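There are 2 protein chains.
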Amino acid sequence: MSNNRAPIDRFFSVIPAGGIGSRLWPLSRASAPKFLHDLTGSGQTLLQDTWDRLVPIAGKDRILVVTGKVHKSAVLEQIEDLSTDNLVLELSPKDSTAAIALAAAILMKREPDVIIGSFAADHVITEDVAFQAAVHEAVAVAATGKIVTIGIAPTEPSVGFGYIKVGESLDVARAPSAKHVVNFVEKPNMANARLYVQSGEYLWNAGMFIAPASLLLQQVEKSEPALYESLMKIADAWDTDDRKVVLEKTWPSLKKIAIDYSVAEPAAEAGLVAVVPATFSWHDVGDFAAIAELQSQGRRDNLAVLGNARVLADSSSGILVSDTDRLIALIGVEDIIVVDTPDALLVTTKEHAQRVKSLVDVLKATGHSDIL
Amino acid sequence: MSNNRAPIDRFFSVIPAGGIGSRLWPLSRASAPKFLHDLTGSGQTLLQDTWDRLVPIAGKDRILVVTGKVHKSAVLEQIEDLSTDNLVLELSPKDSTAAIALAAAILMKREPDVIIGSFAADHVITEDVAFQAAVHEAVAVAATGKIVTIGIAPTEPSVGFGYIKVGESLDVARAPSAKHVVNFVEKPNMANARLYVQSGEYLWNAGMFIAPASLLLQQVEKSEPALYESLMKIADAWDTDDRKVVLEKTWPSLKKIAIDYSVAEPAAEAGLVAVVPATFSWHDVGDFAAIAELQSQGRRDNLAVLGNARVLADSSSGILVSDTDRLIALIGVEDIIVVDTPDALLVTTKEHAQRVKSLVDVLKATGHSDIL
């Protein structure tokens with residue numbers, strides 16, 4: 028390997044496929060989380076859509092998936108082209124720093140000059156070409172020694188996302204739209220969200236990071252030295268016979284911390300972060316109301332249907348998600364959310380979609396873990 | 028047998044157990060209609076409640092059930108004390124005149140002076156003692172040569188029931204509250220329903236009729252002579268070896284007509300009908316909204332639950348009927364109706380409860396008879 032490779036030839040995608048998606052219960056479960064489901068009606072799961080979007084960038088052999096070991100067979104079944112060399116199985120969920128930095132460390136051992144790009148398995152992006160163009164720009168900027176994020180132009184003053192304050196333009200060849208990042212802002216209250224959107228100076232942080240693996244790991248080493256040391260131990264052993272032993276010994280005590288805190292925020296303070304504004308539309312489909320919006324193309328009188336249910340609807344709108352073959356009849360229910368699975372049924376409204384998470388918390392607390 | 032028996036010793040109850048209850052789909056089905064379900068949370072089905080209410084009047088050996096032959100085993104299973112001598116099985120539904128007049132004719136062959144009282148299997152009456160007192164009064168009046176109905180004091184200007192215009196008091200010993208019936212009025216429009224209720228001169232017609240079998244059959248003979256002749260042929264053969272042959276030959280062509288038209292209205296015109304005003308509360312639980320009202324005791328913020336579902340409800344009201352063991356979660360849905368059965372799910376609101384029947388009509392028309 029040499030540092031003289033073209034930036035895009037150094038690129039390797041990482042798909043952290045984690046998170047349960049509590050707000051999408053009872054469709055999304057611990058055993059079958061959000062990314063394993065078709066939430067767009069595309070006929071493919073979110074993971075498959077993510078994979079297909081990344082393949083054209085650097086090929087199907089340069090995509091690594093990090094997921095829980097309980098999802099191994101489901102992931103391998105959904106992504107036929109994924110080799111086990113490019114599958115990192117976590118023993119238990121340890122948040123995004125462990126997932127992404129371990130992937131970075133494993134890949135850096137294999138290719139010291141690798142530039143990684145991390146893209147969640149459960150987001151929806153519909154314009155693939157614009158996405159790929161943004162990644163190309165980001166890779167060009169990353170090669171100059173930056174951690175690069177792809178920022179989303181806010182479509183509303185959301186309090187559900189973190190924001191990126193955008194600074195001056197960078198001057199990088201092949202990355203005309205790249206800009207400095209002034210700082211990251213955590214999920215704001217509504218008043219501040221409105222100010223951010225009005226100012227035009229902020230983008231949503233969609234958690235996409237493109238950076239040389241070495242640079243990303245330097246940040247982890249600075250902010251979380253113990254975690255860094257553990258992850259490097261695992262990475263050292265990864266492609267050896269010691270993997271299992273080291274993993275089982277080291278994994279349980281890894282610190283859980285989001286990459287926003289361990290890497291993005293301190294790196295931004297150090298002036299090391301850039302952003303490429305997205306020209307594609309992006310959705311995190313965080314709850315059923317978001318899925319309904321996505322499906323209905325903004326038409327309020329639509330009833331979106333996901334799944335193969337026989338549906339009979341009269342004067343009804345909202346979303347119906349079916350994981351059974353039962354007949355479902357709706358009469359006169361507006362903005363309704365009905366999620367029908369073999370062992371659990373949810374009925375709520377788009378207005379209350381966010382409260383599904385609290386319900387899952389109650390189920391956890393009251394010993395209903397059999398249906399979580 | 029002699030006409031000198033005391034009126035109450037001549038009494039025999041008839042329970043017409045028919046009707047599908049389309050407005051209660053998908054709980055109520057052709058194969059398991061309304062009367063076979065517990066719709067009150069009493070732990071008994073409506074049929075069992077009706078049976079238990081009638082037993083104290085003349086004993087468990089003087090109650091005859093008329094039902095479809097497809098319900099034979101379900102009815103015998105639910106009513107252990109019912110002997111097959113007192114079970115009349117219809118080959119197909121032929122409306123209330125055929126059901127009640129055939130029962131009257133069979134019983135009259137056995138006891139010429141019998142007084143029958145007909146009480147639907149799928150109505151809800153909570154004050155049994157007051158009900159039994161009303162029947163006793165009605166039997167005393169019937170013994171004077173009247174067809175007697177028990178009228179319900181309207182609690183609202185309903186357009187879902189027929190009305191009885193009440194006349195002068197009768198002067199019958201042991202029936203102090205009995206009155207003449209001026210006439211029956213079919214289901215009115217809202218304006219007329221309001222007038223009826225305001226006037227205080229009208230009662231709801233709950234379809235309860237108490238009369239000497241001979242008098243009731245005379246009315247059928249006058250108004251529907253062909254139907255009368257066919258029913259008498261069947262009754263003549265009933266307690267003989269010819270029952271099956273005569274039934275199969277005669278049944279298919281029986282005219283379908285409600286007993287209101289064949290008996291009640293013409294008899295009222297002839298001055299032959301009396302009414303005993305009920306002092307008990309009565310519900311026909313015609314749709315899920317009615318069941319919700321009954322269950323919630325009028326409290327609008329209540330969520331009524333029928334069945335053994337695990338339910339988790341947050342800020343929800345209405346009714347949830349479960350015929351499965353799935354967990355059902357409701358969040359922020361008000362006046363909702365959720366009916367969960369193994370092969371069909373209904374979600375609607377109390378406001379739209381009456382529209383369930385139209386939905387069943389659509390299902391019929393579109394070839395979904397497997398779930399009707």
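Protein chains in written order, with the working numbering: chain A, 28 to 399; chain B, 28 to 399.
C-beta: ideal position from N, C-alpha, C; glycine also.
Just so you know, these numbers come straight off a predicted model, no measurement behind them.
- prompt: Is there contact here, the stretch 327-343 of chain B with the stretch 336-349 of chain A, by at least three beta-carbon pairs under 8 Å?
  reply: no
- request: Could you tell me whether the Cβ atoms of A85 (chain B) and F146 (chain B) are closer together than 7 Å?
  value: no
query: Where A356 (chain B) and P215 (chain A) are concerned, what is the direct C-alpha to C-alpha distance, given to the nearest angstrom?
result: 30 Å
- prompt: For the candidate residues A:L254, A:D269 and A:F307, whose alpha-carbon lies nearest to that of K283 (chain A)?
  reply: Measuring from the Cα of K283 (chain A), the nearest candidate turns out to be A:L254.
message: At a CB distance below 7 Å, what residues from the stretch 332-361 of chain A approach chain B? Give them in sequence order.
response: L339, D341, R353, L354, I355, A356, L357, I358, G359 and V360
message: Starting from L478 (chain A), trace the beta strand (DSSP E) in both directions and tell me its first and last residue.
response: The first residue shown for chain A is 28 and the last is 399, placing residue 478 (chain A) beyond what the model contains.
- request: In the DSSP assignment, find the beta strand (DSSP E) that holds D388 (chain B) and state where it starts and stops.
  value: Here D388 (chain B) belongs to no beta strand (DSSP E); instead the alpha helix (DSSP H) covers V383 to A392.
- prompt: Using the rule of at least 16 other Cβ atoms within 10 Å of the residue's Cβ for burial, across every protein chain shown, is L400 (chain B) buried or exposed?
  reply: Residue 400 (chain B) falls outside the range modelled here, since chain B spans only 28 to 399, and no answer is possible.
query: What is the DSSP secondary structure of V272 (chain B), counted as helix, strand or coil?
result: helix
message: Rounding to the nearest angstrom, what Cα-Cα distance links I363 (chain A) and V360 (chain B) in this structure?
response: When rounded, the distance between both Cα atoms is 9 Å.
query: For N232 (chain B), does the three-state DSSP call read helix, strand or coil?
result: strand
- request: Have a look at B:I358, B:K391, B:A295 and B:A380 and flag the residue whose alpha-carbon is nearest the alpha-carbon of E378 (chain A).
  value: B:I358
query: Would you call the stretch 379-393 of chain A and the stretch 109-122 of chain B in contact, with 3 or more CB pairs under 8 Å?
result: no
query: Taking 7 Å as the CB-CB cut-off, is I152 (chain A) touching chain B?
result: no
is_contact[L274 (chain A), chain B] using C-beta, thresh 7 Å: It does not: the Cβ of L274 (chain A) has no partner Cβ on chain B nearer than 7 Å.
- request: Could you tell me whether any Cβ in chain A is nearer than 7 Å to the Cβ of V374 (chain B)?
  value: yes
message: Against chain A, does S29 (chain B) count as a neighbour if the rule is that its beta carbon must be under 7 Å from one of theirs?
response: Because the pLDDT at S29 (chain B) is just 49, under 50, the model does not fix this residue reliably, and the point stays unresolved.
message: Against chain A, with Cβ distances strictly below 7 Å, would A44 (chain B) count as a contact?
response: no
message: With a threshold of 8 Å, are at least 3 pairs of Cβ atoms found where one atom belongs to the stretch 54-62 of chain B and the other to the stretch 177-191 of chain B?
response: no
- prompt: Can you list, in chain order, the residues of its chain whose CB lies under 8 Å from that of D65 (chain A), leaving out five sequence neighbours each side?
  reply: Q71, T72, L73 and L333, listed in sequence order.
task: Helix, strand or coil for D263 (chain A), going by three-state DSSP, please let me know.
output: The three-state secondary structure of D263 (chain A), taken from DSSP, is helix.
field: Beta-bridge partners of S196 (chain A), as assigned by DSSP
entry: A:K206
message: For the alpha helix (DSSP H) containing R137 (chain B), name the first residue and the last one.
response: R137 (chain B) -> alpha helix (DSSP H) spans D122 to R137.
message: Between A371 (chain A) and chain D, is the shortest Cβ-Cβ distance under 7 Å, so that the two count as touching?
response: This model lacks chain D altogether; the protein chains it does include are A and B.
- prompt: What are the residues that DSSP puts in a beta bridge with S145 (chain B)?
  reply: DSSP, once it has assigned bridges, lists B:V41 and B:F236 as partnering S145 (chain B).
CA nearest to the CA of G46 (chain B), picked from B:L354, B:D311, B:W278 and B:V389: Looking at the Cα atoms, B:D311 is the closest of the given residues.
query: Measuring CB to CB, does Q322 (chain B) end up less than 7 Å from A336 (chain B)?
result: no
- request: Sort B:L118, B:P34 and B:F307 by Cα distance to R201 (chain B) and report the nearest one.
  value: B:P34
query: In whole angstroms, what separates the C-alpha of V387 (chain B) from that of G95 (chain B)?
result: 20 Å
- prompt: Among A:V102, A:A125 and A:S49, which one has its Cα closest to the Cα of P279 (chain A)?
  reply: A:A125
message: For a test of the three-state rule: what should DSSP assign to R221 (chain A), helix, strand or coil?
response: helix
query: Can you tell me whether V272 (chain B) is buried or exposed, with buried defined as 16 or more other CB within 10 angstroms of its CB?
result: exposed
task: Tell me, please, whether the stretch 226-233 of chain B touches the stretch 118-134 of chain B by the rule of three or more beta-carbon pairs shorter than 8 Å.
output: No: fewer than three Cβ pairs fall under 8 Å.
message: So for W278 (chain B), helix, strand or coil by DSSP?
response: helix
task: Determine the direct distance from the alpha carbon of N219 (chain B) to that of S29 (chain B), and round the result to whole angstroms.
output: Any reading at S29 (chain B) must be qualified, since the residue scores a pLDDT of 49, below 50, and its modelled position is unreliable; the value itself is stated next. Going by the C-alpha atoms only, they are around 46 Å apart.
query: So, A157 (chain A) versus I177 (chain A), is the Cβ gap smaller than 7 Å?
result: no
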